[in-house]
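Shown next, in structure tokens, is the structure this report addresses.
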Amino acid sequence: MSDSSPSPMTAPFFTARVAPGDQQCDAWPDQPLLVSLEQGGIDWPSSCRNGTCRTCLAQLRQGSVRYEIEWPGLSSEEMAEGCVLPCVAYPVSDVELQAGPV
Numbered sequence: 055m056s057d058s059s060p061s062p063m064t065a066p067f068f069t070a071r072v073a074p075g076d077q078q079c080d081a082w083p084d085q086p087l088l089v090s091l092e093q094g095g096i097d098w099p100s101s102c103r104n105g106t107c108r109t110c111l112a113q114l115r116q117g118s119v120r121y122e123i124e125w126p127g128l129s130s131e132e133m134a135e136g137c138v139l140p141c142v143a144y145p146v147s148d149v150e151l152q153a154g155p156v
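Per my numbering, the very first residue in the sequence shown carries number 55; after that it's consecutive.
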């Protein structure tokens with residue numbers, strides 16, 4: 055009997071792309087996007103790493119993220135406009151980010 059489902063030891067990953075340009079890296083669902091970007095050799099502005107300083111602010115052009123903290127340092131208006139904080143945002147799909155505000 056064969057089981058075609060993925061092994062529980064196999065963590066799925068997504069792709070994070072940075073616009074403009076063609077930089078991309080693996081984005082792991084169990085770590086913040088900022089960590090994945092850095093591990094992928096992408097230089098991204100950062101400072102506090104806890105969602106308060108907003109140095110890493112990005113525009114989420116495609117894809118979805120989730121937060122593990124109740125208040126990720128963004129207003130509801132900024133979230134509605136597609137702003138994310140990669141230091142506390144976890145990918146739930148492939149994503150495309152652009153540095154800076156909307």
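Backbone N, C-alpha and C fix where the C-beta goes; we use that ideal spot for every residue, glycine too.
The alpha carbon of Trp98 has as its nearest neighbour, out of Tyr121, Gln77 and Thr106, the alpha carbon of Gln77. Contact annotation: Ser118 and Ser147 have beta-carbon atoms nearer than 8 Å. The beta-bridge partner set that DSSP reports for Thr69 consists of Asp80.
The beta carbons of Tyr144 and Pro86 sit about 6 Å from each other, so the pair counts as a contact at 8 Å. As computed with DSSP, Ala143 is found in a beta bridge with Tyr121. Sequence-distant partners of Glu150 (beyond 5 residues in either direction) whose C-beta falls short of 7 Å from its own C-beta, in its chain, are Arg71, Ala73, Arg115, Gln116 and Gly117. Per DSSP, Leu128 lies in no alpha helix (DSSP H) and is assigned neither H nor E.
Taken through DSSP and simplified to helix, strand or coil, Glu135 comes out as coil.
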